[in-house]
């Protein structure tokens with residue numbers, strides 16, 4: 720079946736072949752765990768790296784969601800895969816066109832990620848590196 724791969728490091732969005740085996744998603748996304756988010760109203764699912772925020776830095780993108788009231792934009796760390804979902808919850812070919820996905824994506828480049836007791840802070844990579852160097856010299 721066909722799926723849409725979003726690769727923020729290469730800033731490429733393209734259709735790929737997906738064999739239907741959920742284990743392949745780990746390899747496609749290059750992750751240990753994945754989770755699903757639902758920016759589409761048509762049943763399509765965005766599979767993302769669940770540990771994307773747990774790295775010192777990552778490549779990110781923002782996707783415009785259909786639900787403008789709750790989550791007008793969702794920011795994602797790392798690669799993502801768009802697949803459809805049937806009535807039983809199984810993955811099927813995506814309904815959203817490649818052009819539609821491309822029109823919703825804004826690539827953010829490499830970002831620095833820091834974690835503290837208030838949650839995660841995501842900032843441009845060069846600023847994060849500068850802060851890290853400043854903290855190391857203090």
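Residue numbers (this note's numbering): 720 to 857. C-beta: ideal position from N, C-alpha, C; glycine also.
Comparing alpha-carbon positions, which option in the options lies nearest residue i?
| i | options | result |
| --- | --- | --- |
| residue 739 | 772, 800, 810 and 764 | 810 |
| residue 795 | 817, 759, 727 and 721 | 727 |
| residue 807 | 762, 736 and 748 | 762 |
| residue 786 | 744, 797, 813 and 757 | 757 |
| residue 813 | 746, 751 and 759 | 759 |
| residue 815 | 784, 744, 751 and 771 | 784 |
| residue 792 | 805, 803, 822 and 817 | 822 |
| residue 745 | 834, 729 and 797 | 797 |
| residue 835 | 844, 772, 752 and 747 | 772 |
From the DSSP output, in three-state form, read off residue i for me.
| i | result |
| --- | --- |
| residue 844 | helix |
| residue 733 | strand |
| residue 783 | strand |
| residue 803 | strand |
| residue 754 | strand |
| residue 818 | helix |
| residue 798 | coil |
| residue 771 | helix |
| residue 721 | strand |
| residue 728 | coil |
Would residue i pass as a contact of residue j if the rule is Cβ separation under 8 Å?
| i | j | result |
| --- | --- | --- |
| residue 777 | residue 820 | no |
| residue 721 | residue 734 | yes |
| residue 889 | residue 769 | Lying before the first or after the last residue shown, residue 889 is absent from the chain, which here runs from 720 to 857. |
| residue 731 | residue 801 | no |
| residue 824 | residue 774 | no |
Pop quiz: residue i and residue j are said to be a contact at Cβ under 8 Å. What is the actual Cβ separation, rounded to whole angstroms?
| i | j | result |
| --- | --- | --- |
| residue 827 | residue 780 | 6 Å |
Please go through the same chain and pick out, in chain order, the residues whose beta-carbon is closer than 6 Å to the beta-carbon of residue i, but skip the five residues on each side of it.
| i | result |
| --- | --- |
| residue 717 | Residue 717 cannot be examined here, being either before or after the span of the chain that is shown, 720 to 857. |
| residue 942 | As displayed, the chain neither begins before 720 nor continues past 857, which places residue 942 out of reach and without an answer. |
Take residue i and list the residues in its own chain whose beta-carbon comes closer than 7 Å to its own, dropping the five residues that flank it on each side.
| i | result |
| --- | --- |
| residue 752 | 769 and 770 |
Quick one: what's got a C-beta closer than 8 Å to residue i's C-beta in the same chain, skipping five residues either side?
| i | result |
| --- | --- |
| residue 817 | 723, 732, 733 and 734 |
| residue 729 | none |
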